[in-house]
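Enquirer:
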Amino acid sequence: MHTRSASNRQLPLQLHCPFETVENYGLETENLKTLSHKLNASAKNLQNFITGRRRSGHYDGRATRKLPNDFLTSVVDLIAAAKSLLAWLDRSPFAAVADYSVTRNNVIQLCLELTTIVQQDCSVYETENKILHVCKTLSGVCDHIISLSSDPMVSQAAHLEVVQLANIKSTEGLGMYIKQHMIGCM
């Protein structure tokens, strides 16, 4: 959410629009644990996709350099799952906890590594080996988050309340600072 100098009538209108679609973001149904499970499933699906391709009789990964479209789609799905998890890790109270900050940085680094790998000019076999390593590491990160599931902070869904502001003079301001929850992350 971008904020700029606006009158008191414009600000509530700008704030109201994102809150109308809160259900589209899954804030009330998802939590850090479910998002970790989704990312873990995406990483394991990509691993299974690679091993399944290698077991097929038509595998030519050492001879070709072009990644198949369904392979790239699986990579995009994994990154989308990671972005959802990162959106939660960027929020309070997780952003203030050192262990979650380290986890967040690891996930970002692994996703950057993944996007770099798929753009490298090497054989499909070499690319797949690198991606398998990233997927295994991501699964380990997810398993770590899931192991913390006894912490209510991890398994609790978010709660959002809409507050109506009335009778605020434009010279008084709101007395609060509004910050974008995800700054430049992917």
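At position 164 of the sequence shown (counting the first as 1) the number is 164 in full-length UniProt numbering, and the numbers step up by one without a gap.
All C-beta atoms, glycine included, are put in the ideal place defined by N, C-alpha and C.
(1) Taking the C-alpha atoms as reference points, what is the distance between Asn123 and Asp99?
(2) Less than 7 angstroms between C-beta atoms, sequence neighbours within five positions excluded: which residues of the same chain meet that for Thr171?
(3) Under a Cβ-count criterion, where at least 16 other Cβ atoms within 10 Å of its own Cβ denotes burial, should Thr51 be classed as buried or exposed?
(4) When you compare the CB positions of residue 195 and Leu67, do they come within less than 8 angstroms of one another, or not?
(5) Taking all protein chains shown into account, decide if Arg54 is buried (16 or more other Cβ within 10 angstroms of its Cβ) or exposed.
(6) With the cut-off set at 8 angstroms, would you say Arg65 and Asp143 are in Cβ contact?
(7) Under 6 angstroms Cβ to Cβ from Leu89, same chain only, skipping five residues before and after it: list those, please.
(8) For Thr115, tell me which candidate among Val102, Ile131 and Gly57 has the shortest Cα-Cα distance.
(9) Using beta-carbon positions only, say whether Leu78 and Ser42 come within less than 8 angstroms of one another.
(10) Flag this pair as yes or no: are the beta carbons of Ser84 and Phe49 separated by less than 8 angstroms?
(11) Tell me which residue opens and which closes the alpha helix (DSSP H) that Val75 is part of.
(12) Can you name the start and end residues of the alpha helix (DSSP H) that His144 belongs to?
(13) Near Leu39, what residues of its chain come up, given a Cβ to Cβ distance below 7 angstroms and the 5 sequence neighbours on each side ignored?
(14) Could you tell me whether the Cβ atoms of Lys44 and Ile146 are closer together than 8 angstroms?
(15) I need the boundaries of the alpha helix (DSSP H) containing Ala41, first residue and last residue.
(16) Hey, Gly61 and Tyr125 are a contact pair by Cβ (cut 8 angstroms); roughly how many whole angstroms apart?
(17) Can you name, in chain order, every residue of its own chain whose Cβ lies under 6 angstroms from the Cβ of Leu46, other than the five neighbours on each side?
Expert: Taking the geometry as given:
(1) First, the amino acid is wrong: residue 123 is Ser here, not Asn. So the alpha carbons of these two residues sit roughly 37 angstroms apart.
(2) none
(3) Per the 10 Å Cβ criterion, exposed.
(4) Residue numbering for the chain in the displayed model covers 1 to 186; residue 195 lies beyond these limits and cannot be assessed.
(5) Residue environment: Arg54 is assigned as exposed (fewer than 16 neighbouring CB atoms within 10 Å of its CB, all protein chains considered).
(6) no
(7) Tyr100 and Arg104
(8) Closest by alpha carbon: Ile131.
(9) Contact: yes.
(10) no
(11) Asn69 to Leu89
(12) Val124 to Ser147
(13) Ala81, Ala82, Leu85, Leu138 and Cys142
(14) Contact flag unset, no.
(15) Leu32 to Arg55
(16) 4 angstroms
(17) Ser74, Leu78 and Cys135
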